[in-house]
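Written below as structure tokens is the structure these notes are about.
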Amino acid sequence: MDFDIQTWVSVAAFMGGGLSMGLGAMGAAIGEGYTAAKANAVMLRNPEMGGDIFKTMLVGQAIAESASIFALVVAIILLFTHFESGSLLTISALLGAGLSMGFSAIGSGVGSGFPSAEACEGIARQPETIRNVTNVMLIGQAVTQTPATLGLLISCILIFKEFPATDSVVSAAALLGSGLCMGLGAIGPGIGEGLASSGGVKWVARNQTYTANITRLMLIGMAVAESTAIYSLVVALLLIFVV
Numbered sequence: 521m522d523f524d525i526q527t528w529v530s531v532a533a534f535m536g537g538g539l540s541m542g543l544g545a546m547g548a549a550i551g552e553g554y555t556a557a558k559a560n561a562v563m564l565r566n567p568e569m570g571g572d573i574f575k576t577m578l579v580g581q582a583i584a585e586s587a588s589i590f591a592l593v594v595a596i597i598l599l600f601t602h603f604e605s606g607s608l609l610t611i612s613a614l615l616g617a618g619l620s621m622g623f624s625a626i627g628s629g630v631g632s633g634f635p636s637a638e639a640c641e642g643i644a645r646q647p648e649t650i651r652n653v654t655n656v657m658l659i660g661q662a663v664t665q666t667p668a669t670l671g672l673l674i675s676c677i678l679i680f681k682e683f684p685a686t687d688s689v690v691s692a693a694a695l696l697g698s699g700l701c702m703g704l705g706a707i708g709p710g711i712g713e714g715l716a717s718s719g720g721v722k723w724v725a726r727n728q729t730y731t732a733n734i735t736r737l738m739l740i741g742m743a744v745a746e747s748t749a750i751y752s753l754v755v756a757l758l759l760i761f762v763v
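Counting with this note's numbering, you get residues 521 to 763 for the letters of the sequence shown.
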């Protein structure tokens, strides 16, 4: 059975959408489940703070969900956009877009669950620290979402950039490699930043007197962990615009 190039473009768009959402759902589900498990455990330690623990859990889970929402947006774009220009480059770009968003959402989804879990435990241990603990949790989770945001950026470039009508295998491989580079390169930073932010939340709950110092150290550590995602972004952009 013969297929024209436009059929293969549609196949690539559907596969990219499936990969984006399928991979993108993994990390957030793990992170949110870890937060819920910790909230259930610590609520028995301090039942009087059950309402605040519950609210903190929901806020933390909502932020952890952001990465999978990015993946959902990319999947919907790929599924319902009609791509008129058909070439091997378009096929590779659409597959790369799904891989970039799907893989990058894993690290941020998992990582965002760590600080929210520690926030629930910190509130149960030291109820008077709830304000500082929540603030540090939100800052840490916001930074942890950065790798997924970079994955979304590369996905959007691959989807909406106009590519020349050529069947160059080398150029097609570069576009597919761009998506893989950004997607895989964002997994580690997302998890690492989540671990750093969970440490910040944990120790603010133990001694909120040093909240400013702990937050500053946490952000520096997260910035260093983020550098590897920036390297992946640079290489991904080079593969799209230079190679």
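Glycine included, C-beta positions come from ideal geometry on N, C-alpha and C.
Let me know the secondary structure DSSP gives Gln472 once reduced to three states.
-> Residue 472 lies beyond the residue range present for the chain, which begins at 521 and ends at 763; the question has no answer from this structure.
Using the C-alpha atoms, what's the distance from Ile674 back to Arg726?
-> Taking the straight line from one Cα to the other gives about 40 Å.
When you compare each of Phe683, Gly622, Leu564 and Gly660 to Gly705 by their alpha carbons, which one comes out closest?
-> Per the Cα distances, Gly622.
Specify the secondary structure class of Gln728 as computed by DSSP and reduced to three states.
-> Judged by DSSP in its simplified three-state form, Gln728 adopts helix.
Segment limits, alpha helix (DSSP H) that includes Lys558 = Note, Lys558: alpha helix (DSSP H), Ile525 to Met563.
Of the residues Ala694, Ser752 and Asn655, which one's Cα is nearest the Cα of Ile734?
-> Answer by Cα proximity: Asn655.
Does the distance from the CB of Ser624 to the CB of Gly671 come in under 8 Å?
-> Contact: yes.
Does the count of Cβ pairs from the region 706-716 and the region 628-639 closer than 8 Å reach three?
-> Proximity of the region 706-716 to the region 628-639 meets the contact definition, three or more beta-carbon pairs being nearer than 8 Å.
Applying the criterion that 16 or more other CB atoms from any shown protein chain within 10 Å of the CB defines a buried residue, is Ser588 buried or exposed?
-> Flag for Ser588 reads buried.
Taking one C-beta from the region 718-732 and one from the region 692-699 each time, how about it: are there three or more such pairs within less than 8 Å?
-> With a cut-off of 8 Å, the region 692-699 and the region 718-732 do not count as touching, because too few Cβ pairs lie within range.
Out of Leu619, Ala743 and Ile643, which has the shortest C-alpha to C-alpha gap to Gln728?
-> By alpha-carbon distance to Gln728, the top candidate from Leu619, Ala743 and Ile643 is Ile643.
In terms of alpha-carbon separation, which member of Ser628, Val689, Asn652 and Leu608 lies closest to Ile583?
-> When C-alpha distances from Ile583 are compared across Ser628, Val689, Asn652 and Leu608, the shortest belongs to Ser628.
Per DSSP, what kind of secondary structure is Asn566 in: helix, strand or coil?
-> Note: Asn566 maps to coil in three-state DSSP.
Exposed or buried, what is Ile626 when buried is set at 16 or more other beta-carbons lying within 10 Å of its beta-carbon?
-> Per the 10 Å Cβ criterion, buried.
Whose C-alpha, out of Gly542, Gln581 and Gln526, is nearest the C-alpha of Gly639?
-> Reading off the sequence, residue 639 comes out as Ala, not Gly. Among Gly542, Gln581 and Gln526, the Cα nearest to that of Ala639 belongs to Gln581.
Hey, out of Ala668, Phe603 and Val724, whose CA is closest to Arg651's CA?
-> Taking only the C-alpha atoms, the option nearest Arg651 is Val724.
Of the residues His602, Val579 and Gly547, the one placed nearest Gln526, counting alpha carbons only = The residue with the shortest Cα to Cα distance from Gln526 is His602.
Measuring CA to CA, which of Gly571, Val630 and Leu658 is closest to Pro667?
-> Out of Gly571, Val630 and Leu658, the CA that lies nearest to the CA of Pro667 is found in Val630.
Look at the Cβ atom of Ser747, then the Cβ atom of Met702, and state whether they are nearer than 8 Å.
-> Result no, Cβ atoms of Ser747 and Met702 do not sit closer than 8 Å.
C-beta atoms of Thr610 and Phe680 nearer than 8 Å | The answer is no: Cβ separation not under 8 Å.
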